[in-house]
Amino acid sequence: MTPKRSYLLRAAYEWVADNDLTPYLLVDANHKSAVVPVEFVQDGQIVLNIGMGAVRDLLMDQTGVSFSARFSGKPMQVFVPIEAALAVYAKENGDGLFFPEEEFPGDSDPTPPSEPKKEKGFTLKVVK
Numbered sequence: 441m442t443p444k445r446s447y448l449l450r451a452a453y454e455w456v457a458d459n460d461l462t463p464y465l466l467v468d469a470n471h472k473s474a475v476v477p478v479e480f481v482q483d484g485q486i487v488l489n490i491g492m493g494a495v496r497d498l499l500m501d502q503t504g505v506s507f508s509a510r511f512s513g514k515p516m517q518v519f520v521p522i523e524a525a526l527a528v529y530a531k532e533n534g535d536g537l538f539f540p541e542e543e544f545p546g547d548s549d550p551t552p553p554s555e556p557k558k559e560k561g562f563t564l565k566v567v568k
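Using the numbering used here, read the sequence shown as starting at 441 and increasing by one per residue.
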């Protein structure tokens with residue numbers, strides 16, 4: 441079966457955001473595929489503000505969570521494998537969802553997504 445964590449993560453994120461609260465993501469920073477700012481890791485974990493005002497190009501899918509953000513003024517592309525996402529909760533009151541232990545198929549090693557491809561815009565031609 442498909443792991444349910446990605447579905448729960450998206451639902452909890454939307455619930456927090458719909459209530460005008462700030463969604464925070466608790467991450468296992470020791471996961472081998474996690475790309476997070478290591479200078480902010482404490483006790484092997486990091487809490488990331490994933491509110492729309494704090495990140496750009498937020499993507500949550502079956503493989504993980506990715507976005508662009510600034511940390512101490514430096515831009516960074518962040519990638520959190522779905523296995524490393526531990527919780528989504530509201531900054532203001534701590535209410536949210538802590539994910540239960542779950543089996544993930546295979547020993548997947550998702551790689552961080554590459555930079556989004558720039559698609560060419562439309563062009564117009566005069567047809568006679």
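Note that beta-carbon positions come from the ideal geometry of N, C-alpha and C, so glycine has one too.
**Study point:** Cross-strand partners of Phe480 (DSSP beta bridge)
**Key:** Per DSSP, none; premise fails for Phe480.
Practice item. Determine the extent of the beta strand (DSSP E) in which Ala569 is found, giving its start and end residues. Key: What the structure shows of the chain is the stretch from 441 to 568, and residue 569 is not part of that stretch, so it cannot be assessed.
Review point. How is the alpha helix (DSSP H) around Leu449 delimited, first residue to last?
Key: 445-458
Check your understanding: Going by C-alpha distance, which of Gln517, Gln502, Thr503 is nearest Ala509?
Key -> Answer by Cα proximity: Gln517.
Review point. Quick one: what does DSSP say Ile490 is sitting in, helix, strand or coil?
Key: coil
Point to revise | C-beta contact flag for Phe519 and Ala474 at 8 Å | key: yes
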